[in-house]
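First up is the structure itself, then whatever we jot down about it.
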Amino acid sequence: EIFREGDPVKGIYFVYSGIVKVHKHWDDKKDLVVRFAKAGDMFGYRGLGNEKIYPVSTTAIDTTTVCYIDLAFFDVTLQVNHPLTYKLMQFFANELQDAEKRMRNLVHMEVKGRIAETLLLLKQNFGLKEDGSIAIELSRQDIASYAGTTYETLFRTMQGLIKNKVLKVKGKKIFILKEPVLKKLNEPQM
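Right under this line is the structure:
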């Protein structure tokens, strides 16, 4: 872990290389994955409010190098570097829109649609490897947590998608064979 939910905020981080899982503890046994931060992404900013406490935990999920920026230095930099402040405001607005969309989907979308959305988001955010697999290899539990479902439900749903040749799975590698089918599952249900 890089920091834990409830730790005092001392600074923010940028991912230089690797992948960081940003997650919220739900109860003793469950986490909700908020997002995955990749090279160039920032994390730790969720604790910048009045409380100055990290509301999430972060864990490197592979070999990862991060850049730490002390909170006092960050504050001073924002006060004098207006283009950076503007870019961060845009970043925060996009993050808020993404979070609101995910929250809406968790409430209104069926599980199969949330799993389809998760796989499409992972492909969009991380791309594909040369072999055609999604360029992030996650445990099934992390995928389930990101989709807002249980491991068992994810497993059953993925088995159905594999049986219907929508997906192919080799270990932690996931290949999307029929992206239009996943996109159709991801459409809002009326």
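With my numbering applied, the sequence shown corresponds to residues 4 to 193, in that order.
Every residue, glycine too, gets a C-beta built ideally from N, C-alpha and C.
Assuming residue i and residue j are in contact, meaning their beta carbons sit under 8 Å apart, how far apart are those beta carbons, in whole angstroms?
{"i": "residue 35", "j": "residue 116", "result": "Not a contact, Cβ separation roughly 17 Å."}
{"i": "residue 185", "j": "residue 177", "result": "Between residue 177 and residue 185 the Cβ distance is about 11 Å, and since that is not below 8 Å, they are no contact."}
{"i": "residue 112", "j": "residue 120", "result": "7 Å"}
{"i": "residue 69", "j": "residue 146", "result": "Not a contact, Cβ separation roughly 23 Å."}
Starting from residue i, trace the beta strand (DSSP E) both ways and give me its first and last residue.
{"i": "residue 16", "result": "14 to 20"}
{"i": "residue 71", "result": "68 to 73"}
{"i": "residue 179", "result": "176 to 179"}
{"i": "residue 24", "result": "23 to 28"}
Assign residue i to one of three DSSP states: helix, strand, or coil.
{"i": "residue 11", "result": "strand"}
{"i": "residue 45", "result": "strand"}
{"i": "residue 37", "result": "strand"}
{"i": "residue 79", "result": "helix"}
{"i": "residue 5", "result": "coil"}
Kindly list the residues whose CB is nearer than 7 Å to the CB of residue i, restricted to its own chain and excluding five residues on each side of it in sequence; keep chain order.
{"i": "residue 132", "result": "138"}
{"i": "residue 143", "result": "154, 157, 158"}
{"i": "residue 50", "result": "12, 56, 57, 58"}
{"i": "residue 88", "result": "81"}
{"i": "residue 48", "result": "15"}
{"i": "residue 90", "result": "none"}
Once the 5 residues before and after residue i are set aside, which same chain residues still bring their CB inside 8 Å of it?
{"i": "residue 9", "result": "56, 57"}
{"i": "residue 26", "result": "34, 35, 36, 37, 59, 60, 61, 62, 148"}
{"i": "residue 42", "result": "18, 19, 20, 21"}
{"i": "residue 73", "result": "13, 14"}
{"i": "residue 175", "result": "140, 141, 142"}
{"i": "residue 136", "result": "173, 176, 177, 178"}
{"i": "residue 29", "result": "35"}
At which residues does the alpha helix (DSSP H) containing residue i begin and terminate?
{"i": "residue 64", "result": "First-last for residue 64: undefined, no H or E at that position."}
{"i": "residue 171", "result": "Careful: residue 171 lies outside any alpha helix (DSSP H), inside the beta strand (DSSP E) at 170 to 173."}
{"i": "residue 51", "result": "Residue 51 -> no alpha helix (DSSP H), and no H or E assigned at all."}
{"i": "residue 152", "result": "Neither: residue 152 is in no alpha helix (DSSP H) and is coded neither H nor E."}
{"i": "residue 182", "result": "182 to 188"}
Between which residues of its own chain and residue i is the CB-CB distance below 6 Å, once the five residues before and five after are set aside?
{"i": "residue 86", "result": "none"}
{"i": "residue 164", "result": "170"}
{"i": "residue 160", "result": "115, 118"}
{"i": "residue 181", "result": "169"}
Kindly provide the ranges of any alpha helix (DSSP H) runs that are 4 or more residues long and lie completely inside the region 112 to 143, ordered along the chain.
114 to 129
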